[in-house]
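Residue numbers (our numbering): 495 to 716.
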Ligand SMILES: C[S@@+](CC[C@H](N)C(=O)[O-])C[C@H]1O[C@@H](n2cnc3c(N)ncnc32)[C@H](O)[C@@H]1O
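What follows is the structure, given as structure tokens:
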């Protein structure tokens, strides 16, 4: 049974999902970590890491993706990119040892302007983020720019029809057909393999991206 929430509460939840902040943001972070963990774990698995790579979670929210990437690349380095200062502070507290040792580097930034050198990442994941990006073209160009020639990236989005039926979807979400997202990633120079997960009858899409041949560029340091 779904308990109906007043419109003001739904709008607040919608805003919080796009930029968790304050005490409500802390609750949202916990909720995101619990609810999205299976999809994020599948995305990390799809990167097929050997353990010494440089990887990133872009829009990490509550930080479960950082935890899973740190475990999957124990001899590598993880970058966390997030615009919300409260989520960055939460990650600094929760992963203080990894931050102190340099295994985790946190950046306050947006997908549209990644503070990472060309071809510097062997892998990136970004789940449930592009709903909050009005213009994906520059953001996807950035994802392509930072990916190493033999790297992999994973975008995760829920079925847009299911999303559209959810009461928490208010004006700050942009829902796009999955084929449009695939087309925009291809336009940015990425080859895309679409994989579907099913959980509680809801389809979740993992778009596994690689550099298209001919898009090679020199690998650079961070
Ligand atoms: C619904 S949460 C998802 C968090 C996490 N990836 C997950 O799946 O649990 C969306 C996250 O994207 C972040 N975000 C919003 N706009 C962004 C942008 N332009 N670039 C990167 N992250 C963004 C928000 O701050 C928020 O933490």
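Quick reminder that beta carbons are idealized off the backbone N, C-alpha and C, glycines included.
By the DSSP assignment, the alpha helix (DSSP H) with residue 610 in it spans what residues? Note, residue 610: premise wrong, no alpha helix (DSSP H); not H, not E.
With DSSP as the reference, label residue 517 as helix, strand or coil. In this structure, residue 517 counts as helix in the three-state DSSP scheme.
Could you check whether residue 563 and residue 575 sit closer than 9 Å to each other, using their CB atoms as the reference points? For residue 575 and residue 563, no; Cβs fall outside 9 Å.
Based on Cα-Cα distance, which residue from 530, 681, 523 and 636 lies nearest to residue 614? That would be 636, whose Cα lies nearest to the Cα of residue 614.
Residue 689 (DSSP reduced to helix, strand or coil): Reduced to three states, the DSSP call for residue 689 is strand.
Answer yes or no: do residue 508 and residue 629 have a C-beta to C-beta separation smaller than 9 Å? Cβ distance not < 9 Å, so residue 508 and residue 629 don't count as in contact.
Taking 8 Å as the cut-off, is the C-beta of residue 578 nearer than that to any heavy atom in ligand 1? The answer is yes for residue 578.
Relative to ligand 1, is the shortest distance from any of its heavy atoms to the C-beta of residue 623 smaller than 8 Å? When distances are taken from the beta-carbon of residue 623 to the heavy atoms of ligand 1, the shortest one is below 8 Å.
Endpoints, beta strand (DSSP E) assigned at residue 571: DSSP places residue 571 inside the beta strand (DSSP E), whose first and last residues are 571 to 576.
Are there any heavy atoms of ligand 1 lying less than 8 Å away from the beta-carbon of residue 514, as far as the coordinates show? Checking every heavy atom of ligand 1 against the Cβ of residue 514, one is found closer than 8 Å.
Helix, strand or coil for residue 620, going by three-state DSSP, please let me know. Reduced to three states, the DSSP call for residue 620 is strand.
Considering only residues of the same chain and omitting the five flanking positions on each side of residue 625, which have a CB-CB separation below 7 Å? Scanning its chain for C-beta atoms nearer than 7 Å, with the 5 sequence neighbours on each side dropped, one finds around residue 625 the residues 667, 668 and 669, in chain order.
Tell me the DSSP secondary structure of residue 713 in three-state form. Low confidence applies to residue 713: its pLDDT is 39, below 50, so where it sits in the model is not reliable, and the reading given next is rough at best. When DSSP states are grouped into helix, strand and coil, residue 713 belongs to the coil group.
Reduced DSSP secondary structure (H/G/I, E/B, other) of residue 602: Residue 602 falls in the strand class under three-state DSSP.
When DSSP builds the beta bridges, which residues end up paired with residue 527? In the DSSP output, where bridge partners are listed per residue, residue 527 has none listed.
Same chain only: Cβ atoms within 7 Å of residue 700, ignoring 5 sequence neighbours per side: Contacts found: 536, 537, 540, 648, 650, 689 and 691.
Which word fits residue 590, buried or exposed, when buried means at least 16 other C-beta atoms lie within 10 angstroms of its C-beta? Residue 590 comes out exposed.
Smallest Cα separation from residue 652: which of 644, 697 and 600? Nearest to residue 652 by alpha-carbon distance, out of 644, 697 and 600, is 697.
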